[in-house]
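FYI, the numbering for the sequence shown is 79 to 185, going by my numbering.
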Amino acid sequence: MKDWKDIEITGINKIDKVVAEFQVWAIEKVPYGKFKIKILETAKGGYIGLPNLAVKNIRDGTPDGTSGFGGTIEEALEDTIKYFLQTLEGRENLTENDFVWSDPHDF
Numbered sequence: 079m080k081d082w083k084d085i086e087i088t089g090i091n092k093i094d095k096v097v098a099e100f101q102v103w104a105i106e107k108v109p110y111g112k113f114k115i116k117i118l119e120t121a122k123g124g125y126i127g128l129p130n131l132a133v134k135n136i137r138d139g140t141p142d143g144t145s146g147f148g149g150t151i152e153e154a155l156e157d158t159i160k161y162f163l164q165t166l167e168g169r170e171n172l173t174e175n176d177f178v179w180s181d182p183h184d185f
């Protein structure tokens, strides 16, 4: 049987595999106290972490999206958390209106 990484179908650009999902508790940083991070394995190797929320940019209100990368699930999780927290640096008293949440169907 073919490995999922070797599947090639006309019209499909890329396939990633969801390999983990984590609930990250940051009670003093985000509304509702927690957020999720989904970890994807790429067909070319390595892992990508994607949080389900992003803080809005102060200048124009667009989401400051972030992701993380790693050679393992754990490295991608740690990298994603680190970069997400960097988007919050210098921001205080954030409310629900300061964040954009991913569509629940994506998580």
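Glycine included, C-beta positions come from ideal geometry on N, C-alpha and C.
Model, not experiment: these values are computed from the prediction.
Measuring alpha carbon to alpha carbon, tell me which of the options ends up nearest residue i.
| i | options | result |
| --- | --- | --- |
| L131 | L166, E170 and I87 | L166 |
| N171 | I105, I151, D142 and S145 | I105 |
| D142 | K122, D157, N91 and L163 | L163 |
| D139 | N175, S145 and E86 | Looking at the sequence shown, residue 139 is not Asp but Gly. Here the closest residue by C-alpha is N175. |
Buried or exposed: which applies to residue i, given that a residue is buried once 16 or more other Cβ atoms fall within 10 Å of its Cβ?
| i | result |
| --- | --- |
| P129 | buried |
| V97 | exposed |
| I159 | buried |
Is the distance from the Cβ of residue i to the Cβ of residue j below 9 Å?
| i | j | result |
| --- | --- | --- |
| V108 | F185 | no |
| V102 | K114 | yes |
| K95 | E119 | yes |
| T150 | Y161 | no |
| I90 | W82 | no |
For residue i, report the span of its alpha helix (DSSP H) as first-last.
| i | result |
| --- | --- |
| I151 | I151 to L166 |
Below 8 Å on the Cβ atoms is my contact criterion, and I expect residue i with residue j to pass it. Report the Cβ-Cβ distance as a whole number of Å.
| i | j | result |
| --- | --- | --- |
| G111 | A154 | Not confirmed; about 23 Å, so no contact. |
Identify the continuous beta strand (DSSP E) that holds residue i and give its terminal residues.
| i | result |
| --- | --- |
| V96 | D94 to W103 |
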